[in-house]
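First residue of the sequence shown? That's 1 in the numbering used here, and the numbers climb one at a time after it.
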Amino acid sequence: MKHKNIVILFSGEGSNLLNIIEKLHQKECHVAAAITNRPLAKGIEKAQQHQVKVEVIDHKAYDSRDAFDAQLLETINCHNPDLVVMAGFMRILTPLVTNNIRAINIHPSLLPLFKGGNAIVESFESSEEQGGISVHWVSSELDGGEVIAQRAFEKEANETLESFTIKIQKLEHELLPETIVKILKRDASSQ
Ligand code: GRF
């Protein structure tokens with residue numbers, strides 16, 4: 001059976017991108033492209049080392065958010081994704097994109113707590129006893145779409161921001177690929 005296509009959006013380090021490629025590419029799905037808004041994103045090389053096509057759409061080269069989003073949507077659609085995966089894509093998207101793609105996002109907190117770009121620090125510094133992560137459907141509301149899956153852990157007495165961040169990353173690397181596989185399998189069984 002032909003693999004389903006996924007397109008991954010990322011902005012920086014690309015550890016989730018690399019993890020998905022290593023675990024799923026050409027096994028559970030085909031990573032048709034990795035798209036970044038940052039020309040210097042470290043993830044670019046990681047994807048290319050695995051022969052995954054990288055598209056760079058530098059948001060600074062566009063006059064407006066709408067112009068960037070139009071180009072992003074067109075580029076995503078060129079790759080016919082069954083699912084778009086936002087893995088550390090640090091750019092707020094307008095409804096032009098969010099209403100026209102089927103996408104999930106990984107977020108480093110137990111949503112609806114700590115939406116936005118500073119979730120790890122806010123969650124670490126909060127009085128919440130647990131940290132955690134969420135995978136959710138992307139909607140027009142930032143980090144506000146329906147939650148698909150979450151994982152949590154207890155904060156330890158001697159927890160540092162560094163140890164907290166490592167736990168989050170480890171959970172992300174488990175839950176995001178698992179969730180992608182579940183969605184694609186569910187799609188296949190309902191077709
Ligand atoms: C992850 O913690 C993700 O939840 C957040 O950005 C980080 C991306 O890390 N949105 P990486 O680029 O995948 O290493």
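Just so you know, even glycine gets a beta-carbon here, dropped at the ideal spot from N, CA and C.
Point to revise | Rounded distance between the beta-carbons of H79 and F68, thought under 8 Å | key: That belief does not hold up - the Cβ atoms of F68 and H79 are roughly 18 Å apart, past 8 Å.
**Study point:** For I57 and A32, believed in contact at Cβ under 8 Å, the rounded distance
**Key:** Their Cβ separation, rounded to whole angstroms, is 15 Å, which puts A32 and I57 out of contact at 8 Å.
**Study point:** Whole-angstrom distance between E154 and L73, CA atom to CA atom
**Key:** 39 Å
Check your understanding: Under a three-way DSSP split, which group does R38 fall into?
Key -> coil
Check your understanding: Taking the C-alpha atoms as reference points, what is the distance between A149 and G132?
Key -> 11 Å
Review point. What residue from S190, I180 and K185 has the CA that sits closest to I8's CA?
Key: I180
Review point. By Cβ distance below 7 Å, which residues in the same chain neighbour V97 in space, the five residues on each side in sequence not counted?
Key: D69, L72 and L73
Exercise for review: Could you tell me which residues DSSP pairs with F89 in its beta bridges?
Suggested key: Paired residues: none, contrary to the question.
Practice item. Could you tell me the distance, in whole angstroms, from the CA atom of Q48 to the CA atom of L18? Key: 10 Å
**Study point:** Supposed close pair D240, D187 - CB separation, criterion 8 Å
**Key:** No statement about residue 240 is possible, as the shown extent of the chain runs from 1 to 191 and does not include it.
Exercise for review: Could you tell me which residues DSSP puts in a beta bridge with C29?
Suggested key: H25
**Study point:** Closest Cα partner of N99 within the set L110, V84, S11 and R38
**Key:** V84
Practice item. Please determine, among E125, Q191 and H107, the residue with the shortest C-alpha to C-alpha distance to L117. Key: A quick correction: the sequence has Gly, not Leu, at residue 117. Checking every option, the nearest Cα to that of G117 belongs to H107.
Check your understanding: What first and last residue would you give for the alpha helix (DSSP H) that runs through F124?
Key -> A119 to E125
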